[in-house]
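Input: a single structure, listed below in structure tokens.
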Amino acid sequence: MHRAFNEWSAVSSVDFREIPPDVISRIPPDIHIAFEKGEHSDGFSFDGQDGVVAHAFYPRDGRLHFDAEEQWSLNSPEGVNLFQTAVHEIGHLLGLEHSVDTRAAMFAAKRPYDPAFTLGDDDVRAIRSLFPQKDPDPVADSFSKNSGTKESQEFKDIVVMSKKVLKKFDGKLDEEKHDPFESSTSSSSTPISFFPFPLPSIDHFQRRNDWFVV
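Now the structure itself:
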């Protein structure tokens, strides 16, 4: 899970910090992660194996739920890969909608297990539009994942609570279905309307310094 959060913090100004259980009452986290089964009091029940494998709410809600009945895996093509799913769902937590780029982590279909899985250029472009890097590299306009990043291959020791959340955003849910297309190589024009909770237009955001509260 730490590595999934680091994918996003390595290419943007977002910072994540894990909140120890004994201080949560004093410092409420912005992000809550849980493995749930069936009905779990958020109005969006899980359906057992396959189907919907995870869902995340857009800012400022901060809830990320994985279906506990799925066959989750880490370094295996079997089951549902937790790392790849987490990277995608964290993108929603940060305010990103689905991408039509089949190479992007935010593409709206499950991708086969890839030991080299990482953010695509479209993902980097999107997250930097919301959370620009504080000290961008001169060649950052290429939106390459490694541009201007010293930590792109490092794990952070502290993860889970975002320091910044979007200011004016109602929580909306995004659900991810297991392998909704026959393959991950579907045309980028494939409709993604079967995901019923699209993120509102980027026009809803205000500019630059008005985006965030600390």
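Using my numbering, read the sequence shown as starting at 67 and increasing by one per residue.
Yeah, the Cβ is synthetic: ideal placement off N, Cα and C, and Gly gets one too.
Computed from a predicted structure; not experimentally measured.
- Using a C-beta cut-off of 8 Å, the region 155-166 makes contact with the region 116-129, since at least three inter-stretch Cβ pairs fall below that distance.
- Residue nearest to Glu73 within the set Asp180, Ala171, Ser195 is Ala171 (criterion: CA-CA distance).
- The criterion of a C-beta distance shorter than 9 Å is satisfied by Ala152 and Ala70.
- For Thr184, the closest C-alpha among the options Glu155, Gln199, Gln150, Ser165 is that of Gln150.
- Distance check between Pro178 and each of Ala192, Gly145, His131 places Gly145 closest, using alpha-carbon atoms only.
- Contact annotation, Ser111 with Gly117: C-beta distance approximately 10 Å; criterion of less than 8 Å not satisfied.
- Ranked by Cα distance from Ala192, the options Ala175, Phe101, Val166 are led by Val166.
- Comparing C-alpha distances from Pro87 to each of His98, Val80, Asn147 shows the shortest one belongs to His98.
- Check the Cα spacing between Asp133 and each of Pro95, Lys200, Gly114: the tightest is with Gly114.
- Nearest to Ala120 by alpha-carbon distance, out of Arg194, Lys200, Ala174, is Ala174.
- Taken in chain order, the complete alpha helix (DSSP H) segments of 4 or more residues contained in the region 103-172 are 148-159.
- Short of 6 Å from the beta carbon of Glu135, and not among the five residues preceding or following it, lie these beta carbons of its own chain, in chain order: Lys103, Gly114, Gln115.
- Taking C-beta separations shorter than 6 Å and ignoring five residues to either side along the sequence, the partners of Phe197 in its chain run Ser78, Ser79, Val80, following chain order.
- Looking at the DSSP output, His98 sits in a beta bridge with Arg129.
- Per DSSP, Arg92 has no beta bridge partner at all.
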